[in-house]
Each structure stands twice: as structure tokens, then as C-alpha cells.
Ligand code: NAD
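Numbering (UniProt numbering), first residue to last: 1 to 236.
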């Protein structure tokens with residue numbers, strides 16, 4: 001990938017986002033992360049932003065533009081879960097997850113597109129999940145928000161594809177993060193039985209797919225859903 005791009009990763013203070021930011025830095029890019037608390041990896045610029053608030057996103061972009069230049073690569077990674085069976089899921093359980101995971105990505109992509117159109121270059125990567133297309137009991141809100149990202153990326157591809165901008169979705173399966181570490185040994189073994197690879201992925205395995213998608217070798221890939229799930233979601 002052409003080095004020295006300006007990259008923004010939302011939710012880059014921990015987990016997968018932190019690892020994505022680290023990988024871009026390792027490859028020689030200027031990296032900013034948004035965080036509601038804490039900070040991104042060494043070498044990154046941390047800005048405060050809440051993806052449910054368009055004004056805070058605008059302020060974060062303005063700060064990044066002043067420090068690192070216009071954002072050329074944006075990774076919409078910030079996300080939450082609020083799992084509940086359908087019958088017990090409240091309106092708020094549903095809308096808050098959609099507002100963060102899907103509307104949040106929309107707000108970030110919309111703000112990023114301004115400078116990308118001007119530069120006639122942009123790489124947009126949306127972090128979805130295997131359950132976006134596979135479905136998941138107890139995750140109606142999360143799954144709906146994550147499949148919505150596919151429509152978002154594909155519509156952006158049709159709208160902005162001729163302007164040097166690509167938009168793709170990465171759909172991770174089970175990743176070794178704080179979330180999966182909390183599962184009991186039996187639960188972990190149960191999940192692993194259903195994963196053809198027989199193991200969870202490391203955050204770095206997601207990060208290196210994201211940096212590849214943002215790079216020159218993936219310039220002709222747009223509107224794609226790239227699974228990083230050890231085969232769990234095959235065919236979906
Ligand atoms: P995590 O909870 O460790 O990190 C999520 C990040 O999003 C945090 O930095 C958090 O502060 C940020 N965030 C949440 N709400 C926000 C808001 N309103 N505004 C700004 N930032 C906000 O989770 P993770 O496991 O690293 O997941 C990262 C992404 O990958 C998420 O979109 C998640 O849905 C997706 N994902 C994770 C897994 C997994 O196994 N961990 C699997 C598939 C997909």
C-alpha cells in the first residue's frame with residue numbers, strides 16, 4: 001500500500017480496533033483513533049468521539065485534518081452488543097445497537113466522504129460480523145445492524161465507485177478479545193466445534209485483512225463482504 005496515508009479507526013482504544021490501528025502504524029501510516037475513554041496504540045493520535053453524535057464526529061475529523069491531513073482511509077469499527085431474546089428485547093435495546101453500529105457507521109462515512117470526493121481517493125472498511133448474514137439467536141438487534149452495513153457499503157460503492165473510492169465489509173467470526181475470554185471453557189469448546197478452523201482468530205488476523213483491503217492491491221475490490229471467520233459463515 002502506498003505509505004503515508006491518513007487513517008481513522010473508530011473505537012481504537014481496545015480490542016479489534018486497537019489491533020487495526022497498530023497494524024496501520026506498523027505499515028507506516030498516520031493513524032488516528034476515536035475513543036470514548038483510554039487511548040489508541042503508541043504512535044496514534046487519540047481523539048474523543050461518540051459515533052451516536054454527529055457533532056462529535058465532525059469535531060474529531062476537524063482535529064484529525066488539522067494534525068494529520070484529510071482522512072483517506074476510514075475503518076468504522078465501533079460497535080456494541082445488547083443481547084436479548086426477541087420477546088424480551090425492548091425498543092431501546094434495538095435502536096441503541098442500530099444507532100451505534102449502523103447509523104454510527106453512516107455518520108462516520110458521510111463525514112469522511114467529503115474529503116475523499118475532493119481527493120478522488122478513499123478506502124472505507126466497515127467492521128461487520130459473521131452473524132450479520134448468518135443470524136444469531138438473541139442478537140436480532142446486533143445482526144440487523146451488522147447486515148445493514150452490507151447495504152451501506154454496496155450503495156456507497158455504486159454512488160462513489162467512479163471517484164476512486166472503495167467501500168467494503170469485513171465480517172469477523174469469533175475473535176480472541178475480552179469478550180470471548182469471558183466465555184467458560186465449555187462454551188469456548190462448543191463454539192470451536194462449529195468453526196471449521198477449530199479455533200478463534202487473533203485480532204491481528206482481522207487487522208491484516210483490513211490493511212490489505214485499504215491497500216493498493218485491493219483497489220478493484222468494492223462492495224465485497226470479506227469473512228474472517230475460519231469458515232463458520234460459509235455460504236452466507
Ligand atoms: P470492544 O467492545 O472491545 O470494542 C468496541 C469499541 O467500540 C470500543 O473502543 C468502544 O469504546 C467503541 N464504541 C462503542 N460504542 C461507541 C460509540 N457510541 N462511540 C464511539 N465508540 C464506541 O469490541 P471488539 O470485540 O474489539 O469489536 C470491535 C468490532 O468488531 C465491533 O464492531 C464488533 O461488533 C465487531 N466484531 C467483534 C467480534 C469479536 O469476536 N470480538 C466478532 C465479530 C465482530
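Even glycine gets a Cβ: it sits at the ideal position worked out from N, Cα and C.
query: Which residues DSSP lists as bridging residue 172, in chain order; result: 228
query: Heavy atom of ligand 2 within 7 Å of residue 94 beta-carbon; result: Ligands displayed in this structure: ligand 1; ligand 2 is not among them.
query: DSSP beta-bridge partners of residue 48; result: 35
query: Through-space distance from residue 83 to residue 192, alpha-carbon basis; result: 20 Å
query: Sub-8 Å separation of residue 248 and residue 128 beta-carbons; result: Residue coverage of the chain in this structure runs from 1 to 236, which leaves residue 248 outside it and unanswerable.
query: Beta bridge counterpart(s) of residue 6 as assigned by DSSP; result: 30
query: Cβ-Cβ distance between residue 126 and residue 76 below 8 Å; result: yes
query: Alpha helix (DSSP H) runs wholly inside the segment 81-153, at least 4 long, in chain order; result: 91-98, 104-119 and 131-134
query: beta-carbon residue 227 near ligand 1 non-hydrogen atom, thresh 7 Å; result: no
query: The segment 81-98 in contact with the segment 113-121 per 3-pair CB rule at 8 Å; result: no
query: Where the beta strand (DSSP E) through residue 73 begins and ends; result: 73-76
query: One or two residues paired with residue 165 in a DSSP bridge; result: 122
query: Pick from 216, 38 and 207 that is closest to residue 166, judged by C-alpha positions; result: 216
query: Per DSSP, cross-strand counterpart(s) of residue 201; result: 175
query: Residue interval of the alpha helix (DSSP H) (run including residue 64); result: 54-68
query: Burial state of residue 49, where buried means 16 or more other Cβ atoms lie within 10 Å; result: buried
query: Start and end residues, alpha helix (DSSP H) containing residue 190; result: 185-193
query: Chain-order list of residues whose beta-carbon lies under 7 Å from that of residue 24 (same chain, five-residue window excluded); result: 7, 31 and 211
query: Exposed unless 16 or more other CB atoms sit within 10 angstroms - verdict on residue 67; result: exposed
query: Ligand 1 heavy atom lying under 7 Å from the CB of residue 169; result: no
query: Heavy atom of ligand 1 within 7 Å of residue 78 beta-carbon; result: yes
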